[in-house]
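Working notes, beginning with the structure itself.
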Amino acid sequence: MIFLDEETRADSFPILSELCKYFLDVPTECPYGLPFVAIYRQARFETISEDVMQQLFAAGFRRNGNCFYTMQCRGCNACVPIRMNPTQFKPNRNQKRVSMRNKDVEVSVCSMSMENSNLALLNRFLDTRYPGRGNDALGYYSGFFLSTFGNTFEIRYKVAGELLGIAIVDICASLLNAVYFYFNPDEEKRSLGTFNILTLIELGKQQGIEDLYLGYWIEDIQAMSYKAAFKPHYLLQDGQWHLVDRKSVKAKMHLISNS
Numbered sequence: 039m040i041f042l043d044e045e046t047r048a049d050s051f052p053i054l055s056e057l058c059k060y061f062l063d064v065p066t067e068c069p070y071g072l073p074f075v076a077i078y079r080q081a082r083f084e085t086i087s088e089d090v091m092q093q094l095f096a097a098g099f100r101r102n103g104n105c106f107y108t109m110q111c112r113g114c115n116a117c118v119p120i121r122m123n124p125t126q127f128k129p130n131r132n133q134k135r136v137s138m139r140n141k142d143v144e145v146s147v148c149s150m151s152m153e154n155s156n157l158a159l160l161n162r163f164l165d166t167r168y169p170g171r172g173n174d175a176l177g178y179y180s181g182f183f184l185s186t187f188g189n190t191f192e193i194r195y196k197v198a199g200e201l202l203g204i205a206i207v208d209i210c211a212s213l214l215n216a217v218y219f220y221f222n223p224d225e226e227k228r229s230l231g232t233f234n235i236l237t238l239i240e241l242g243k244q245q246g247i248e249d250l251y252l253g254y255w256i257e258d259i260q261a262m263s264y265k266a267a268f269k270p271h272y273l274l275q276d277g278q279w280h281l282v283d284r285k286s287v288k289a290k291m292h293l294i295s296n297s
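Just add 38 to the spot in the sequence shown (first one is 1) and you have the numbering used here.
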């Protein structure tokens, strides 16, 4: 992804020219462990319309609590916004196997909650994935998942009454935004991240959703790179959403092999 200057971004997404004065750059440690200072260009909103939310998502912004942000890290362009149209999706062989492997999983769409089982599972997930960072479930729910605007819900995954995972999802107009997914780290063989996206795709089809935002695709981070296996998808590059499908991947590989 090539980071755009404000003028170019404003040309591609007019909403940015109106809102750019509210955004500040906040440097911090890279959340993905890359050796760069992460710079969040973010703004906090107490209220925001669905139309503006939709435009911000389309411009590659992510939601974190009441904040919208985009990554503007110097020397690194690894975070690439990725989205897909659920109706265009064609599962590959591995994704079909993941669906079969999880036939015993009970899936339910629920209102957001902070049940003890949710918090316990999230704490276990964070301790396993990000040991020593001091993250905790209460902080994630209060500062990350919840907001005073929009419509956020959760998808619960259970087997025989045991909680396997929870997806936090925004729904807005004709889009779904995958905010976060956490799961039992002992169940990695189920490929629950893939199963969760397959579930979001089916939900999107049922709800007539045009755009499913999957967050960032990061090629060198396994926990983020698997999203590219869902084709066709779109990557935000040079201020435009570019289609990536099986044909374009084959064409790229052909060019590389003949270069």
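The beta-carbon is built from N, C-alpha and C at its ideal position, and this holds for glycine as well.
| Query | Result |
| --- | --- |
| Spatial neighbours of F127 in its chain, beta-carbon cut-off 7 angstroms, leaving aside the 5 residues before and after | I239 and F268 |
| Sequence-distant residues of its chain with Cβ nearer than 7 angstroms to N140 (five each side left out) | R228 and F233 |
| Member of A266, L273 and F182 whose CA lies at the smallest distance from the CA of V217 | F182 |
| Assigned secondary structure, A97 (DSSP; H/G/I helix, E/B strand, else coil) | coil |
| Delimiting residues of the alpha helix (DSSP H) encompassing L164 | N154 to R167 |
| Alpha-carbon spacing of K134 relative to R162, whole angstroms | 28 angstroms |
| Among C111, I193, A81 and Q93, the one whose alpha carbon lies nearest that of F74 | C111 |
| Rounded straight-line distance, which links the Cα of S155 to that of P223 | 15 angstroms |
| 7 angstroms Cβ shell around T237 - same chain, five flanking residues per side excluded | V145 and I193 |
| Sequence-distant residues of the same chain with beta carbon closer than 7 angstroms to P169, five excluded per side | none |
| For V147, three-class secondary structure by DSSP | strand |
| Neighbour flag for A96 against chain B, beta carbons, 7 angstroms | Judged by its chain identifiers, the structure shown contains no chain B, having just a single protein chain. |
| Assigned secondary structure, T237 (DSSP; H/G/I helix, E/B strand, else coil) | helix |
| N189, DSSP secondary structure in three states | strand |
| Residues of its chain near F187, where Cβ-Cβ distance is below 8 angstroms and the 5 sequence neighbours each way are ignored | F83, E84, T85, I86, M91 and N104 |
| Sequence-distant residues of its chain with Cβ nearer than 6 angstroms to T190 (five each side left out) | M150 and D208 |
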